[in-house]
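K.L.:
If you're matching them up, the sequences are chains A and B in order. When we follow our numbering, the leftmost residue of the first sequence carries the number 2, and every step to the right adds one. When we follow our numbering, the leftmost residue of the second sequence carries the number 2, and every step to the right adds one. Virtual Cβ for every residue (Gly too), placed ideally from N, Cα, C.
Number of protein chains: 2
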Amino acid sequence: MGSVQARMEAALSRLLPAPQVAPAKLHEAMRYAALEGGKRVRPLLAFAAGEVTGASRERLEIAGAAVELIHAYSLVHDDMPCMDDDVLRRGKPTVHVEYDQATALLVGDALQSLAFQLISEHELSDDPARQLEMVRTLALAAGSRGMAGGQQIDLDSTGKALNLPELEFMHIHKTGALIRAAVLLGFSCGESHSDTDKARLDRYAKAVGLAFQVVDDVLDSDASTATLGKTAGKDAKQGKPTYVSAIGLPAARRLADELRQEAQAAIAELGTRATRLAELADFIVLRKF
Amino acid sequence: MGSVQARMEAALSRLLPAPQVAPAKLHEAMRYAALEGGKRVRPLLAFAAGEVTGASRERLEIAGAAVELIHAYSLVHDDMPCMDDDVLRRGKPTVHVEYDQATALLVGDALQSLAFQLISEHELSDDPARQLEMVRTLALAAGSRGMAGGQQIDLDSTGKALNLPELEFMHIHKTGALIRAAVLLGFSCGESHSDTDKARLDRYAKAVGLAFQVVDDVLDSDASTATLGKTAGKDAKQGKPTYVSAIGLPAARRLADELRQEAQAAIAELGTRATRLAELADFIVLRKF
Numbered sequence: 002m003g004s005v006q007a008r009m010e011a012a013l014s015r016l017l018p019a020p021q022v023a024p025a026k027l028h029e030a031m032r033y034a035a036l037e038g039g040k041r042v043r044p045l046l047a048f049a050a051g052e053v054t055g056a057s058r059e060r061l062e063i064a065g066a067a068v069e070l071i072h073a074y075s076l077v078h079d080d081m082p083c084m085d086d087d088v089l090r091r092g093k094p095t096v097h098v099e100y101d102q103a104t105a106l107l108v109g110d111a112l113q114s115l116a117f118q119l120i121s122e123h124e125l126s127d128d129p130a131r132q133l134e135m136v137r138t139l140a141l142a143a144g145s146r147g148m149a150g151g152q153q154i155d156l157d158s159t160g161k162a163l164n165l166p167e168l169e170f171m172h173i174h175k176t177g178a179l180i181r182a183a184v185l186l187g188f189s190c191g192e193s194h195s196d197t198d199k200a201r202l203d204r205y206a207k208a209v210g211l212a213f214q215v216v217d218d219v220l221d222s223d224a225s226t227a228t229l230g231k232t233a234g235k236d237a238k239q240g241k242p243t244y245v246s247a248i249g250l251p252a253a254r255r256l257a258d259e260l261r262q263e264a265q266a267a268i269a270e271l272g273t274r275a276t277r278l279a280e281l282a283d284f285i286v287l288r289k290f
Numbered sequence: 002m003g004s005v006q007a008r009m010e011a012a013l014s015r016l017l018p019a020p021q022v023a024p025a026k027l028h029e030a031m032r033y034a035a036l037e038g039g040k041r042v043r044p045l046l047a048f049a050a051g052e053v054t055g056a057s058r059e060r061l062e063i064a065g066a067a068v069e070l071i072h073a074y075s076l077v078h079d080d081m082p083c084m085d086d087d088v089l090r091r092g093k094p095t096v097h098v099e100y101d102q103a104t105a106l107l108v109g110d111a112l113q114s115l116a117f118q119l120i121s122e123h124e125l126s127d128d129p130a131r132q133l134e135m136v137r138t139l140a141l142a143a144g145s146r147g148m149a150g151g152q153q154i155d156l157d158s159t160g161k162a163l164n165l166p167e168l169e170f171m172h173i174h175k176t177g178a179l180i181r182a183a184v185l186l187g188f189s190c191g192e193s194h195s196d197t198d199k200a201r202l203d204r205y206a207k208a209v210g211l212a213f214q215v216v217d218d219v220l221d222s223d224a225s226t227a228t229l230g231k232t233a234g235k236d237a238k239q240g241k242p243t244y245v246s247a248i249g250l251p252a253a254r255r256l257a258d259e260l261r262q263e264a265q266a267a268i269a270e271l272g273t274r275a276t277r278l279a280e281l282a283d284f285i286v287l288r289k290f
């Protein structure tokens, strides 16, 4: 896992515009937002899914970087005062604190554009039509019926008590859509495709995506700010519904483990090609930070 | 021109998510931002460029919509308090005034994603590899070395006196990049390509893009808010460098006309295939609002 993370850091550093290229301030801030931080869960998932279809590392770097840039842009915008108003991210001041709000807005906008540039300008499939489908997968995952839509549902839910299906609907959009895209893009970087395998990975991705959020809520409710690298207990303070507030801590922990088992079951038939995916499902649920 | 505008309005209405689709507030606000407004200059340019290569209307609608959605998103974000802080756009309250800042942020983000969804999910070329190149053209035009970068340069220039080359550098990014993309995408929607013709359109687009901004500055300096449908005289008040502040009103008017002639010269060899492009260059420079 560490090797994929190091590889992604190098890839992102290479793929982001150099800090001295004009407009230098924007490029420096984009690099600040996207480099040296995060667990790189989405690229890890892309790489693991790529093992199922024998995808090359070069392609997986690009697909992983595109998904990670969408994720990074969403964090920059979510942290802004008009959204979650947070000052700390990955142990560093958030972009609008380190720079200013206008720059943070543009950093997010430009990171999103860069994701689509990368996924269209590098060869990710022998079949350009398949690659166009990959662009569409990323766009749908990022947009109003994916991540951005989930963020809107999240905003509108603040102060409300959501039940389990409502929470699930929110998170399938907010975090699940992009995690699903990471898995599907990694899978599509390989040339050996089967619709059955793709359906298996889709089921895996749905379970892992939800598990990821449940575990986030559990960690947020009982970890410290120093451990998380972001402000702890924030969701509860802001009156945002979480799995912990909806069903309590013990049930949230049980749910996370059930989702982990669901993810494992989805890929069981894939054998050793899915070893990394299996490891990641465990990592996502059993992580401590 | 009116028929293209009506066609684009219908296309955008069809291509934007319906207002009742969840999250309804976000989709309603996206439609508010993108429909019923604007001169649709970029789609007009895409349609006119498509006449050079015999592109179908169906394809041009998609290409025009994708470019227009990038433009619409940039207006929503530019109007926000942390950027230009404007309350009026196209004669209506800006999105963050009509809704709220968080929604405006997400509207812009989701409109950008939708642009890339449209340009990847509809067939715009017989050759998928060429269409991938179109995605890349749009991403580059929107990103940090295009429109978003131009916006950053604009922000950093506030209160400074720029000379003509500096102003030109800013506007080639801020408005020129997306206008160029509109022309190139419209051109690419056809199947009869020639590198010579493409170079002609590129030269045309560069001149028209700059002319557009010079005329904007001229209009901003002497039109009324009611005529413009947005706050007039804003740039001067905010200490932003404009062509009028850099070289004065008469010289700015002369420059606009020189650029109009440059645009006409670039496409002169194309004959009747470029009639619409020629009309548009005149329209852009001679418009009163």
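(1) How is P24(B) classed by DSSP in three states: helix, strand or coil?
(2) Under DSSP, the alpha helix (DSSP H) around H194(A) begins and ends at which residues?
(3) In this structure, does DSSP put L107(A) in helix, strand or coil?
(4) Pick helix, strand or coil for K93(A), following the three-state DSSP scheme.
(5) Less than 9 Å between CB atoms is the rule here; does L185(A) satisfy it with respect to chain B?
(6) Leaving out five residues on either side along the sequence, give the residues of the same chain with a beta carbon under 6 Å from the beta carbon of H97(A).
(7) Using beta carbons (cut-off 9 Å, strictly below), is G144(B) in contact with chain A?
(8) Can you look up T243(B) in the DSSP assignment and give me helix, strand or coil?
(9) When you compare each of T176(A), G147(A), Q6(A) and A267(A) to K40(A) by their alpha carbons, which one comes out closest?
(10) Is the beta carbon of L278(B) closer than 9 Å to that of Y205(B)?
(11) Helix, strand or coil for Y100(A), going by three-state DSSP, please let me know.
(12) Kindly indicate if chain B contains any beta-carbon less than 9 Å away from that of V136(A).
(13) State buried or exposed for G150(A), treating a residue as buried only when at least 16 other CB atoms are found within 10 Å of its CB.
(14) Classify A275(B) as helix, strand or coil using the three-state DSSP reduction.
(15) Does the distance from the C-beta atom of V209(B) to that of V245(B) stay below 9 Å?
(16) Would you call the stretch 140-155 of chain A and the stretch 22-39 of chain B in contact, with 3 or more CB pairs under 8 Å?
(17) Check whether the stretch 67-83 of chain A touches the stretch 211-219 of chain A, counting contact only when three or more Cβ pairs, one atom from each stretch, lie closer than 8 Å.
(18) What does the Cβ neighbour count give for R288(A), buried or exposed, with the cut at 16 atoms within 10 Å?
(19) Output, in chain order, the set of chain B residues within a Cβ distance shorter than 7 Å of F117(A).
(20) Name the chain A residues whose beta carbon is nearer than 7 Å to that of C83(B)?
(21) Between which two residues does the alpha helix (DSSP H) holding I1(B) run?
(22) How is D1(A) classed by DSSP in three states: helix, strand or coil?
(23) Kindly indicate which three-state DSSP category E280(B) falls into: helix, strand or coil?
(24) Buried or exposed for T197(A), please, with buried defined as at least 16 other CB atoms from any protein chain shown within 10 angstroms of its CB.
(25) What do you get for R181(A), buried or exposed, if any count of 16 or more other CB atoms within 10 angstroms of its CB means buried?
(26) Specify whether the stretch 127-140 of chain B and the stretch 157-165 of chain A touch according to this definition: at least 3 beta carbon pairs, one from each stretch, less than 8 Å apart.
(27) Helix, strand or coil, according to DSSP, for K199(A) in the structure here?
(28) Is H174(B) helix, strand or coil when you go by DSSP?
(29) Give the secondary structure of G288(B) by DSSP, where H, G and I count as helix, E and B as strand, and everything else as coil.
(30) Is it the case that the CB of F48(B) approaches a heavy atom of the ligand HEM more closely than 8 Å?
(31) Quick one, which of I63(A), V42(A) and A49(A) has its alpha-carbon nearest L17(A)'s?
(32) Kindly indicate which three-state DSSP category A208(B) falls into: helix, strand or coil?
(33) R254(B) lies in the alpha helix (DSSP H); which residues open and close that run?
(34) I need the straight-line Cα distance from A56(B) to F48(B), nearest angstrom please.
(35) Using DSSP with H/G/I as helix, E/B as strand and the rest coil, what is L13(A)?
(36) On the three-state DSSP scale, how would you describe D127(A)?
P.N.:
On the basis of the coordinates in this document:
(1) As a first step, residue 24(B) must be located in the second sequence, where it is residue number 23. It is coil, neither helix nor strand.
(2) In the first sequence, residue 194(A) corresponds to position 193, counting from 1. First-last for H194(A): undefined, no H or E at that position.
(3) As a first step, residue 107(A) is located in the first sequence; it is residue number 106 there, counting from the start. Helix, per DSSP.
(4) Working through the first sequence from its first residue, we reach residue 93(A) at position 92. Of the three classes helix, strand and coil, the one that applies to K93(A) here is strand, per DSSP.
(5) As a working mapping, residue 185(A) is identified with position 184 in the first sequence. No, no contact with chain B.
(6) Reading the first sequence from its first residue, position 96 is the one you call residue 97(A). These residues qualify, in order along the chain: M81 and A105.
(7) On the second sequence, position 143 is the one that residue 144(B) refers to. Cβ-Cβ to chain A under 9 Å: yes for G144(B).
(8) On the second sequence, position 242 is the one that residue 243(B) refers to. Here T243(B) sits in coil by DSSP.
(9) In the first sequence, counting from the first residue as 1, residue 40(A) sits at position 39. Here the closest residue by C-alpha is Q6(A).
(10) Mapped onto the second sequence, residue 205(B) falls at position 204. Mapped onto the second sequence, residue 278(B) falls at position 277. For Y205(B) and L278(B), yes; Cβs fall inside 9 Å.
(11) Numbered from its first residue, the first sequence carries residue 100(A) at position 99. Here Y100(A) sits in coil by DSSP.
(12) In the first sequence, counting from the first residue as 1, residue 136(A) sits at position 135. For V136(A), the answer is yes, since a Cβ of chain B falls inside 9 Å of its Cβ.
(13) By 1-based counting over the first sequence, the position of residue 150(A) is 149. Buried, since its Cβ has 16 or more Cβ neighbours within 10 Å.
(14) Here residue 275(B) refers to the residue found at position 274 when the second sequence is read from its first residue. The answer is helix: DSSP assigns A275(B) an H, G or I state.
(15) Taking the first residue of the second sequence as 1, we reach residue 209(B) at position 208. Taking the first residue of the second sequence as 1, we reach residue 245(B) at position 244. Contact: no.
(16) Contact between the stretch 140-155 of chain A and the stretch 22-39 of chain B is established, with three or more Cβ pairs separated by less than 8 Å.
(17) no
(18) Here residue 288(A) refers to the residue found at position 287 when the first sequence is read from its first residue. Exposed, by the Cβ-count rule.
(19) Residue 117(A) sits at position 116 when you count from the first residue of the first sequence. What F117(A) touches in chain B: F117, V136 and A140.
(20) Reading the second sequence from its first residue, position 82 is the one you call residue 83(B). Ordered by position in chain A, the residues that pass the 7 Å Cβ test against C83(B) are Q102, A103 and L106.
(21) Past the edges of chain B, shown from 2 to 290, lies residue 1(B), and the structure says nothing about it.
(22) In this structure chain A extends from 2 to 290, so residue 1(A) is not present and cannot be described.
(23) In the second sequence, counting from the first residue as 1, residue 280(B) sits at position 279. Helix, per DSSP.
(24) One-based indexing of the first sequence puts residue 197(A) at position 196. By the neighbour-count rule (16 or more Cβ atoms within 10 Å), T197(A) is not buried but exposed.
(25) The residue given as residue 181(A) occupies position 180 in the first sequence. Using a 10 angstroms sphere on the CB of R181(A), the tally of other CB atoms reaches 16 or more, which defines it as buried.
(26) no
(27) Numbered from its first residue, the first sequence carries residue 199(A) at position 198. In this structure, K199(A) counts as helix in the three-state DSSP scheme.
(28) To locate residue 174(B), count along the second sequence from 1; it is residue 173. The answer is helix: DSSP assigns H174(B) an H, G or I state.
(29) Residue mapping note: residue 288(B) aligns to position 287 of the second sequence, counting from 1. Note that residue 288(B) corresponds to Arg in the displayed sequence, not to Gly. Three-state DSSP puts R288(B) in coil, outside helix and strand.
(30) The ligand HEM is not part of the structure shown, which contains no ligands of any sort.
(31) In the first sequence, counting from the first residue as 1, residue 17(A) sits at position 16. Answer by Cα proximity: I63(A).
(32) Counted from its first residue, the second sequence places residue 208(B) at position 207. The answer is helix: DSSP assigns A208(B) an H, G or I state.
(33) As a working note, residue 254(B) is residue 253 in the second sequence. L250 to I268 is the extent of the alpha helix (DSSP H) around R254(B).
(34) Here the question's residue 56(B) lines up with position 55 in the second sequence. Here the question's residue 48(B) lines up with position 47 in the second sequence. C-alpha separation (whole angstroms): 8 Å.
(35) On the first sequence, position 12 is the one that residue 13(A) refers to. Helix.
(36) Sequence index remark: in the first sequence, residue 127(A) carries index 126 (1-based). Of the three classes helix, strand and coil, the one that applies to D127(A) here is coil, per DSSP.
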